[in-house]
Amino acid sequence: MINILTMMVAAALGACLRAYINELPVLKNKEMPYSTMAVNITGAFLMGFVVMLVTANTQYYLIIVTGFLGGFTTYSQFALDQFNLLRDKKTKLFLKYSFSTIFFTLVAVAFGLIAGSMFV
């Protein structure tokens, strides 16, 4: 039970960090959802990095990966942003945003795995 409660607190902290990043003036943009992209890229890197470190420890995995990073990353927001861009007939921006997010999150998770493997 304590693991579940700890995971819930970690998820809340991840969500709070995401909300904070969403409010950063440097990432606020009405056309392109840069804050969501930044969170997804950062979350992908952290996911790769942390997975290399905690795979063997199910308690840490539950707290950090499922909890904190689950609360932090925003794939569902990414999908909603895509939908809104298509709905608003911003096809070029939809393609730019979709490709950029997918490409850079793949690169970030790869770098995270490499960086994490250096500590194992």
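Each residue of the sequence shown is one higher than the last, beginning at 1356 in the numbering used here. Cβ atoms here follow ideal geometry from the backbone N, Cα and C, with glycine treated the same way.
For this session: Could you confirm whether any beta carbon from chain B is found closer than 8 Å to the beta carbon of Ser1472?
Result: Looking for chain B here will not work: only one protein chain is present.
Exercise. To which residues of the same chain is Ala1393 closer than 7 Å at the C-beta, ignoring the five residues directly before and after it?
Worked result: Ile1376 and Leu1382
Problem set entry | Same chain only: Cβ atoms within 8 Å of Leu1461, ignoring 5 sequence neighbours per side | Ala1399
For this session: My understanding is that Ala1463 touches Ile1396, with C-beta atoms under 8 Å, so please give their C-beta distance in whole angstroms.
Result: 5 Å
Exercise. Would the segment 1420-1432 and the segment 1361-1369 be scored as touching if the rule is three or more Cβ pairs under 8 Å?
Worked result: yes
Exercise. At which residues does the alpha helix (DSSP H) containing Ala1370 begin and terminate?
Worked result: It spans Ile1357 to Asn1377 - the alpha helix (DSSP H) in which Ala1370 sits, taken as one unbroken run.
Problem set entry | Cβ-Cβ distance between Leu1408 and Phe1474 below 8 Å | yes
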